[in-house]
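*Asks:* Would you mind keeping the following structure in view while I ask a few things?
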Amino acid sequence: MKTKARLGVILPLLLALFLASLSLSGAAPQEAVIDKALDWLRSQQQADGSIPSAVAGAYNGTSQAVLAIVAGGQDPNAWLSGDNQSPLDFLASQAITQTNTITETGTAAWLTLAVAAAEENPQDFGGVDLVATLTITDYNPATGQYGLEGDVPAQALSMMAVRASGQTVPVTAAELLKSWQDESGGWGWAYPCTGWCSPDVDNTALVMQALVAVGEPITSTSIISATEFLRSQQGDDGGFQS
């Protein structure tokens with residue numbers, strides 16, 4: 080699949096991730112705000128090329144930073160640290176160890192999205208065939224499950240990553256993800272979502288993007304119910320609590 084087609088699939092994700100990190104105001108032109116956000120990201124870059132996140136960690140944080148860099152119109156290969164290392168250099172250097180178990184399916188998916196967005200080859204990155212990792216090693220064709228059973232974000236991210244890499248996502252994978260939808264319309268981080276797990280904005284938004292990316296109509300019952308769930312979570316200030 081051509082790069083433009085791949086980016087067309089993951090662009091909604093890129094924009095959602097990137098714009099969520101911005102504090103937009105009516106007084107500042109959007110371009111200036113984006114440049115300021117990219118400058119801040121660059122100030123966080125470490126000597127090894129990584130751009131760590133307090134929440135996502137160094138590796139996933141760097142993958143997510145690459146998505147933001149591309150969404151901001153810049154080339155992550157040009158972001159060189161004092162040691163002449165780019166974010167992609169850092170990701171490639173640890174690709175094998177970070178994606179070699181099924182518990183790291185989500186990490187492999189984040190990495191695949193970043194690699195595809197940067198127009199690198201997800202079938203040969205850092206000595207790893209990320210496409211094979213997601214579609215063969217970490218995939219159960221009998222159930223449609225990517226990664227560990229009931230891992231909602233890994234399932235959603237993997238579906239987007241497989242699609243972004245030019246592969247077809249099996250219908251069973253999408254149907255499985257839809258079957259995990261809570262009666263409230265949302266998704267939590269796991270299925271079944273019980274105990275201290277409850278449907279949340281983050282995972283619901285992620286799942287919606289994954290389903291639409293693989294062809295789910297925005298008029299489907301799943302998407303409409305999910306949209307209503309998101310509306311129910313909106314605060315008086317217009318924001319959404321994570």
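In my numbering, the protein residues as written are 80 to 321. A virtual CB, placed ideally from N, CA and C, is assigned to each residue, including glycine. Please read these numbers as outputs of a predicted model, since none were measured by experiment.
1) Would you grab the beta carbon distance between Gly-223 and Ala-252 for me? Rounded to a whole angstrom, and I think it's under 8 Å.
2) When we look at the beta-carbon of Asp-217 and count the other beta-carbons within 10 Å, is it buried (16 or more) or exposed?
3) If you check the beta carbons only, do Gly-264 and Ala-211 fall under 8 Å apart?
4) Excluding five sequence neighbours on each side, which residues of the same chain lie with their C-beta closer than 7 Å to the C-beta of Glu-307?
5) When you compare the region 151-161 with the region 200-207, are there three or more beta-carbon pairs, one atom per stretch, that lie closer than 8 Å?
6) For the region 160-173 and the region 122-139, state whether three or more C-beta atom pairs, one from each stretch, are separated by less than 8 Å.
7) According to DSSP, is Tyr-138 part of a helix, a strand, or is it coil?
8) Just the Cα atoms here: how many angstroms apart are Gln-313 and Gly-161?
9) Reducing DSSP to helix, strand and coil, say where Gln-313 ends up.
10) Going by beta-carbon coordinates alone, are Ser-142 and Ala-221 separated by less than 8 Å?
11) With H, G and I counted as helix, E and B as strand and the rest as coil, what does DSSP make of Asp-118?
12) Expressed to the nearest angstrom, what Euclidean distance is found between the alpha-carbon atoms of Pro-278 and Ala-147?
13) Could you pull out every unbroken beta strand (DSSP E) segment of at least 3 residues lying fully inside the region 208-288, listed in chain order?
14) Can you tell which of Gln-125, Arg-121, Ala-235 and Gln-124 has its C-alpha closest to the C-alpha of Gly-267?
15) Out of Met-239, Ala-195 and Leu-170, point me to the one whose CA is closest to Asn-139's CA.
16) Under the DSSP definition of a beta bridge, which residues are partnered with Phe-204?
17) Would you tell me roughly how many angstroms separate the C-alpha atoms of Thr-176 and Gly-185, rounded to the nearest one?
18) Please state if the CB of Val-248 and the CB of Val-286 are separated by a distance shorter than 8 Å.
19) Below 8 Å between beta carbons: does that hold for Leu-227 and Thr-191?
20) Among Ser-237, Ile-113 and Glu-183, which one has its Cα closest to the Cα of Leu-290?
21) Classify Ser-321: buried if its beta carbon has 16 or more other beta carbons within 10 angstroms, exposed otherwise.
22) Would you report the Cα separation of Leu-256 and Ala-233, rounded to the nearest angstrom?
23) Taking Ile-181 as part of the alpha helix (DSSP H), name the residues at either end of that continuous run.
24) Going by CA-CA distance only, name the one from Gln-202, Ala-240, Glu-199 and Cys-272 that's closest to Gly-229.
*Replies:* This is what the structure holds:
1) 4 Å
2) buried
3) no
4) Gly-264
5) no
6) yes
7) helix
8) 43 Å
9) strand
10) no
11) helix
12) 26 Å
13) none
14) Ala-235
15) Leu-170
16) Val-207
17) 14 Å
18) no
19) no
20) Ser-237
21) exposed
22) 10 Å
23) Element bounds for Ile-181: n/a, residue is neither H nor E.
24) Cys-272
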